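So the structure is just underneath, and the comments pick up after that.
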Amino acid sequence: MTQHELLTTALLYITSYFAIINPLGVMPVFMTMTSSLNEKERKRTAIKAVITAFFILLIFALGGQLLFKVFGISVNSFRVVGGIIFFIMGYDMLQAKVSKMKMDEDMIKNYVDDISITPLAIPIIAGPGAITNSIVLMEDSDTLALKIILLVSIILILMVTLAILLGSGKLVKVLGETGNKIMTKLMGLIMMVIAVEFFFAGLKPIVQNMLLS
């Protein structure tokens, strides 16, 4: 491939990941789920979530097709489960449960460990779309140069995501407690809507396959 073609491919990879992961869309969810944490714990949560998301995308990029075949998992089933998780999370946010939590040091550590993996790393950052994108693009990347470009694209977008999440703390301070509660309820409602879309986007093809078989 020529240098121009490699550059065009890199731009395509980066754009697709940015659109699918949507770092700006991740920020409000991260803000509401970490509103009860201090700056240090919020930073630790963001870093752990992004690192976890990277390894998830890397694993699926390198062996996604094999994993799906071995365990009999379909992307549509993944969407259905993701939708259920999103809905539960959105309901909790709508009730502002996260912002009301008062935790001691051990509870905070466990909370950070929990939310940094699920739901932040998966399915919010490394969701079905990003995982599918990784599998498909790796299949299309038939040269070593393209595979390297794909991995660099993943790293670049996740670094952008991390930078946005780390900067969200300043916005939390500006909004204050009342603003955070309003943001929590608003994002909870939006997350529940997204969950419904997610759920039926996965359920529809599953039902169609059942009817046709």
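Quick note: the sequence shown uses this note's numbering, first residue 1, plus one each step. Glycine included, C-beta positions come from ideal geometry on N, C-alpha and C. Computed from a prediction, not measured in an experiment: that's the story for all the values here.
Close-in-space but distant-in-sequence residues of the same chain around residue i (CB under 8 Å, 5 per side omitted)
| i | result |
| --- | --- |
| Met192 | Phe86, Phe87, Gly90, Tyr91 and Leu94 |
| Ile14 | Ser153, Leu156 and Ile157 |
Neighbourhood of residue i by C-beta distance below 6 Å, restricted to the same chain and skipping five residues each side
| i | result |
| --- | --- |
| Lys23 | Note on residue identity: the sequence assigns Pro, not Lys, to residue 23. The answer, listed in chain order, is Val160, Thr161 and Ile164. |
| Met27 | Ile164 and Ser168 |
| Val207 | none |
Residue i versus residue j: straight-line alpha-carbon distance, rounded
| i | j | result |
| --- | --- | --- |
| Ala19 | Asn110 | 31 Å |
| Ser213 | Phe68 | 20 Å |
| Leu150 | Ser141 | 8 Å |
| Gly64 | Ile135 | 6 Å |
| Ala126 | Leu37 | 23 Å |
| Leu120 | Ser153 | 20 Å |
| His4 | Leu62 | 26 Å |
| Val98 | Ala195 | With a pLDDT of 48 at Val98, under the threshold of 50, the predicted position of this residue should be treated as unreliable, though the coordinate-derived value follows. The alpha-carbon atoms of Val98 and Ala195 are separated by roughly 18 Å. |
| Leu7 | Ile124 | 28 Å |
Secondary structure of residue i, DSSP reduced to three states
| i | result |
| --- | --- |
| Gly25 | helix |
| Asn38 | coil |
| Met191 | helix |
CB contact flag (residue i, residue j, <8 Å)
| i | j | result |
| --- | --- | --- |
| Arg215 | Ala201 | Because the chain spans 1 through 213 in this model, residue 215 falls outside it and cannot be assessed. |
| Ala49 | Leu166 | no |
| Thr9 | Leu156 | no |
Residues near residue i in its chain [Cβ-Cβ closer than 7 Å; skip 5 each side]
| i | result |
| --- | --- |
| Leu137 | Tyr13 and Leu150 |
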